[in-house]
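J.:
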Amino acid sequence: MKRIVIIGGGLSGLSAAYTLHKMGQEDISFDLYEKESHFNGKFETVKRDGFLIEKGPDSFLARKKAGVQLIDELGLSDELIANATGRSFIYNGSGLFPIPEGSVMGIPTDEAALAASKLISEAGKAYALQEKTRPYQPIQNDTSLGEFFEARFGKELVKGLIEPLLSGIYAGNIYNMSLRATFPQFEKVIEKSGSLMMGLQEPSQVNMQTTGTKNTVGAFRTLKNGLSELPNALVKALPSDSLHAGKEALKLERKGTGYSILFADGSREEADAVLIAATHDVVLKLLDADTAAPFENCPLSTLATISLAYESADVASLKEGTGYLVSRTRDYRTTACTWVHKKWPHMVPDGKMLLRGFIGKAGENWIETTSDQELIDMVLADYKEMMGLTETPLFAEVSRMPHAMPQYDVGHLERLATFKNNLATNYPRVHVAGMSYDGVGIPDCIRQARNAAKQMAEEVNKVD
């Protein structure tokens, strides 16, 4: 009997375990070890006074099929809910302005809509509109998103429109984020069309959708009773004797043709193959320094969300839409706000209001030592300026995620390739899955984990 050990009991680890369980190979056993006392990873749904509050992820992209497929296998398809659509706005210090119609992830495609926008100056718009006639020279090496888009549209449009959207997804710095690791579609479309504005007029070419405009299709999905139902369903579908909570792995060592894992309680477990289903800080701890070296100086950003419930939606004069992003041209604490009662009305009692504010940018680890009340006060101060909101909330739910979001900085794909080569050489049949490697979204983590599980099952069958 061959044995696979999974380290990490969040979504990636549970997805891998579920895949192995479904494969049902009698000659392969598996065990999953999680350092916390629970297996829900970053997922946490709170039900309070009729409100449904997500303190972790609140949705996932439906166009990335791995998420929907897993939910279907778990029998949860009838629980899926699509987001209500509507405009999204950008707050730039002087007001909330709608994202121009036809924008694709913040990149403008509609000349008239951009010309009518008040997000940037007339000179900035004039320069950006020249993009479709601006010559394009193919780039030889990876570059930052900021540099790539600034060369096409100018700095003002990047800072005013593109950066709030793209930086927000990774809580990163657009001038550090890798073009090829985060949004390679943009390079492909300009190589084909010679212009982003022209090439992105048909979003299907790059499998993307218009973002935050009145024509936006409901691209996101959640579960009716909260996304915590996903890890909960995975746990229920797995044999309980294969799940081990409160077991922190400290070191992974080669032993003969297999591996020995040392745990914090002094115990050891043996395995023929291992999946490290965790961010790269865990890899740095478990593996030798040379193997993990490509990730040695890669940061993890700390994030926080603050959900504020209100007795009535009338206390804020909100525009018709679902929320806004904050321009980084000024030093605001919040980076975005979702009007949950408009985007996910099933989460909020009729007539009431729920706002979800986001805090956290690359390098802002001060969040870890700031009190809950201080975070709430920061958000309320921003809301007073941005939405004119002065009402006292019914309650607040604060969630902080220290060192949670990996940064796919320039050169990420090269670092990842080097690491995987190191891993194959020094730790055969050891794999990784999770946010640090090949996509940060829920479907990305599921895809990575399920693929790794299948590969490990094939590999262990070849071990003598």
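Take 1 as the starting number for the sequence shown in UniProt numbering and just add one per residue.
A virtual CB, placed ideally from N, CA and C, is assigned to each residue, including glycine.
The model shown is predicted, which means the values in this text are computed figures rather than measured ones.
#1: Please tell me whether residue 315 and residue 353 are closer than 9 Å, where the distance is taken between their beta carbons.
#2: Between residue 442 and the rest of its own chain, which residues show a CB-CB distance below 7 Å, the 5 nearest in sequence each way excluded?
#3: Based on the DSSP output, what are the partners of residue 90 in its beta bridges?
#4: For residue 396, which residues from the same chain have a beta carbon less than 8 Å from its beta carbon, with the 5 sequence-adjacent residues on both sides left out?
#5: Name the residue from 247, 192 and 335 whose alpha carbon lies nearest to the alpha carbon of residue 35.
#6: Rounded to a whole number of angstroms, what is the C-alpha to C-alpha distance between residue 210 and residue 265?
#7: Exposed or buried, residue 123, counting other C-beta atoms within 10 Å across all chains shown (16 or more means buried)?
#8: Look up residue 344 in the DSSP assignment and say whether it is helix, strand or coil.
#9: Going along the chain, which residues of its own chain have a beta-carbon closer than 8 Å to the beta-carbon of residue 28, five neighbours each way excluded?
#10: What would DSSP say about residue 242, mapped onto helix, strand or coil?
#11: With respect to the alpha helix (DSSP H) encompassing residue 389, which residues constitute its N-terminal and C-terminal limits?
#12: Tell me, please, whether the segment 267-285 touches the segment 69-86 by the rule of three or more beta-carbon pairs shorter than 8 Å.
#13: What whole-angstrom Cβ distance do residue 416 and residue 437 have, given they're in contact under 8 Å?
#14: What number of angstroms, rounded off, separates the C-alpha of residue 332 from the C-alpha of residue 360?
#15: So, helix, strand or coil for residue 57, using DSSP?
#16: Tell me whether residue 148 sits in a helix, a strand or coil according to DSSP, three-state version.
#17: Do the segment 175-189 and the segment 113-132 make contact, defined as three or more Cβ pairs closer than 8 Å?
#18: What would DSSP say about residue 409, mapped onto helix, strand or coil?
#19: Whose C-alpha, out of 255, 223 and 194, is nearest the C-alpha of residue 75?
#20: Compare the C-alpha of residue 391 against each of 312, 414, 366 and 290 and name the closest.
#21: Buried or exposed: where does residue 116 fall if 16 or more other Cβ atoms within 10 Å of its Cβ makes it buried?
#22: Are the Cβ atoms of residue 131 and residue 153 separated by less than 9 Å?
T.: Reading from the atomic positions:
#1: yes
#2: 11, 57, 60 and 67
#3: 97 and 325
#4: 306, 307, 308, 309, 372 and 376
#5: 247
#6: For residue 210, the pLDDT reaches just 49, beneath the cut-off of 50, and the residue's location in the model is therefore unreliable, leaving the point undetermined.
#7: exposed
#8: coil
#9: 1, 2, 3, 4, 20, 457, 460 and 461
#10: helix
#11: Note, residue 389: premise wrong, no alpha helix (DSSP H); not H, not E.
#12: no
#13: 6 Å
#14: 10 Å
#15: coil
#16: helix
#17: no
#18: strand
#19: 223
#20: 312
#21: exposed
#22: yes
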